[in-house]
Each structure stands twice: as C-alpha cells, then as structure tokens.
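Residue numbers (our numbering): 279 to 629.
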C-alpha cells in the first residue's frame, strides 16, 4: 500500500517543554505555542489549544512530566514528591472528562510513578521517555488505522466526516482522516465532505485546513445538510473519530455525530468509527456510562465575537453525543476492524 506523507505534526516534546499547534487560532493562523508548566498544559487541554482524544492523551503524558519538573524544585522527600505528583496527575485528568485517552495516558505515567524506587531525577527521566514513546507510537498506530480503514473505502468514494479526527486531533496522520489519507494514497479520485461541526466549527476550521494543506479534495457543508446529500446519492460512506468507546461498541464523539449516524442508517450508507485501542474503555458496558462534558455557553451564543441570539435565552451545550452500536458498521483500529457483535469483536482486539 502506498504511503501518504502528511505535513502536520500537532504536538511534540522538546527536551523540557511541549511544543504544540495552537488550534484556537485556526483558520487565520497556523502557529505553535510552548507549554512549559503543568498548569499551562491543563489550560491548553481545557481551552482546546490542543484537542482530539489521541492528542489530548499525549498532552496529558507530557503534562505529568511538566508537573514533575516543577515539583522537583521543591524540598520534598522522594515519597512526598511522588504523592504530590499523583495528585497533580489526577487534577490534570479533570480538564476534559469525556475523552478516555487523557485518562489512559496519565494512568500510564502514574504506573511509572508508583513503581519507581530510585530518585526524582530517575523518575523524571522515565516519565519523559514514556511520554516520547507514546508520542511516536501514536503516529504508527494512526497509520495502521488508516491502512486498515482504506480496505473498506470504495474506489472514487465520497467520504463524509464530522468534526476533526485528523492529524491535528492526534500527534500526526489522524484516525478518520488517517483512513482518508491512506485511501487517497492509492486512489486520488476519492474526496471528502466535511461537516461544519457547530458550535466550534472544527470541521470548517480544522478538517478543511488539513485536507487543503495536503491537497486532498474537500467540500464543506453545514451540519444540517448531510441527509440532503445522502438522499442525492452523493455520500458513499461516513468515517468519524471517537473520544470514548464502550465495551458494547457505543461511541462518544463530537455533538452531532449521532444525527449523522441516524441519517446514514436510513440511507443504507456505511458508518465507520476510526479510533485507537486506547479510546476503547472496556471498563464501561455501554455509552450510558460515558460522562458528557458540558461546554461554555458562549460557544453557542457567540460567533467571531458577535452575539447571535438575545440575552436571557436558555443554553445547553453538550460537547459530545453517543452513537449506539446498532448504527455503527465497523470500528476501525490499529489491530483490525471490529464488527457486530461488538462485545465479542472488541474483546478479541485486546487478546
């Protein structure tokens, strides 16, 4: 299979700090910001300077290192140092509650903290090495997801995606857009329809930017247009990412994904979720157990600094919804594509 070379690297550990793309500046600017403290990392995750479940996971791993570097400057015994670092790590996870990758990566770091018996310097070195390892693994995992997903993409397919599950939601390459990139490497006749993705317009601001940068044909549509194009036979398949997948295959993704899945089911269009195994939370039985983040109301009421509705109107702004497994054709992972019965096929991925 041909390999697609994406130009984008979202997040990278640079010796003592993290360098990441500031995704709040899109589409006006493409610039990097340096994150040098644990609190800065918490804020970067919370305010979506860095976003996308896999990228948030790597940010979490880096954040633990940053907190460790800060605590090492204090006059603490080694055991007290570890105790405080565990507390900071647990605090970091509260920045975004829905995406399980953040919890997963921080737990990987906490295991190292608990197991280390030597000294502060050695522990920081081990945490740094593990953060870098997870970063490098993410790109390879995404390429495997892309290659596995490309096997189900018809020639010349029109692929609809919702939100951004691309290089900018990961360290690089992407999950849903990883499938697009791998398919495009072998078939440059495929093209993408990108939902705008209200209220933060990740599809409009980020997905289209990625695809234009990489020269992959993309058409932007608003969230409410997907069924119109499906009815006209202009959409061949849907591929989205995920922030948490339950043991039964229910998948949480950006708000509006559930609506797309319903429309796809009605029009007999395959609906795929692309995500690494780290996004699958086998500790929860169904999507009913997934905590849905409630976002700032101004994301809905204000666009480009201008209020679009009257003062006093009630606002509800869930950041995610859960697509039931019955609507999902397959879950594309680095170890293959899980299909119904998901309880069985997901369990087999972890064997």
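Just so you know, even glycine gets a beta-carbon here, dropped at the ideal spot from N, CA and C. The structure presented is a predicted model; accordingly, all values stated were derived computationally and were not measured.
Residue from the options with nearest C-alpha to residue i
i           : options               : result
residue 415 : 614, 556 and 608      : 556
residue 482 : 305, 291 and 512      : 305
residue 488 : 599, 301, 376 and 571 : 301
residue 623 : 576, 583 and 525      : 525
residue 424 : 357, 444 and 293      : 444
residue 584 : 558, 511 and 576      : 576
residue 442 : 453, 485 and 418      : 485
residue 475 : 609, 597, 435 and 355 : 597
residue 503 : 472, 514 and 389      : 472
residue 311 : 297, 610, 605 and 317 : 297
residue 354 : 398, 581 and 480      : 398
residue 558 : 387, 347, 350 and 378 : 378
residue 426 : 628, 629, 611 and 621 : 611
residue 594 : 533, 609, 341 and 514 : 533
residue 468 : 451, 512 and 331      : 512
residue 383 : 359, 338 and 571      : 338
residue 608 : 465, 574 and 627      : 627
Those residues which DSSP pairs with residue i across a bridge
i           : result
residue 608 : 550
residue 498 : 472
residue 601 : 529
residue 540 : Paired residues: none, contrary to the question.
residue 378 : Answer by DSSP bridge pairing: none, since residue 378 is not bridged.
residue 295 : 292
residue 439 : 472
residue 581 : 584
residue 559 : 524
residue 518 : 551
residue 572 : 596
residue 616 : 609
residue 452 : 444
Integer Cβ distance of residue i from residue j, believed to fall under 8 Å
i           : j           : result
residue 528 : residue 602 : 6 Å
residue 535 : residue 599 : 6 Å
residue 420 : residue 439 : With a Cβ gap of about 15 Å, residue 420 and residue 439 do not count as contacting.
residue 413 : residue 290 : 7 Å
Interface flag, residue i vs chain D, CB-CB below 7 Å
i           : result
residue 332 : In the displayed structure, chain D is absent; only one protein chain is listed.
Is there contact between the stretch 545-554 and the stretch 516-525, where contact requires at least three CB pairs shorter than 8 Å? yes
Within 8 Å, do at least three Cβ pairs link the stretch 488-508 to the stretch 561-571? no
Can you give, in chain order, each stretch of the alpha helix (DSSP H) that sits fully within the stretch 299-351 and has at least 4 residues? 316-324 and 331-349
Contact between the stretch 315-324 and the stretch 365-385: three or more CB pairs below 8 Å? yes
I'd like to know if the stretch 605-618 and the stretch 424-444 are in contact, where contact means that at least 3 CB-CB pairs between them fall below 8 Å. yes
Where are the alpha helix (DSSP H) runs, 4 residues long or more, that stay fully inside the stretch 371-426, in chain order? 378-393
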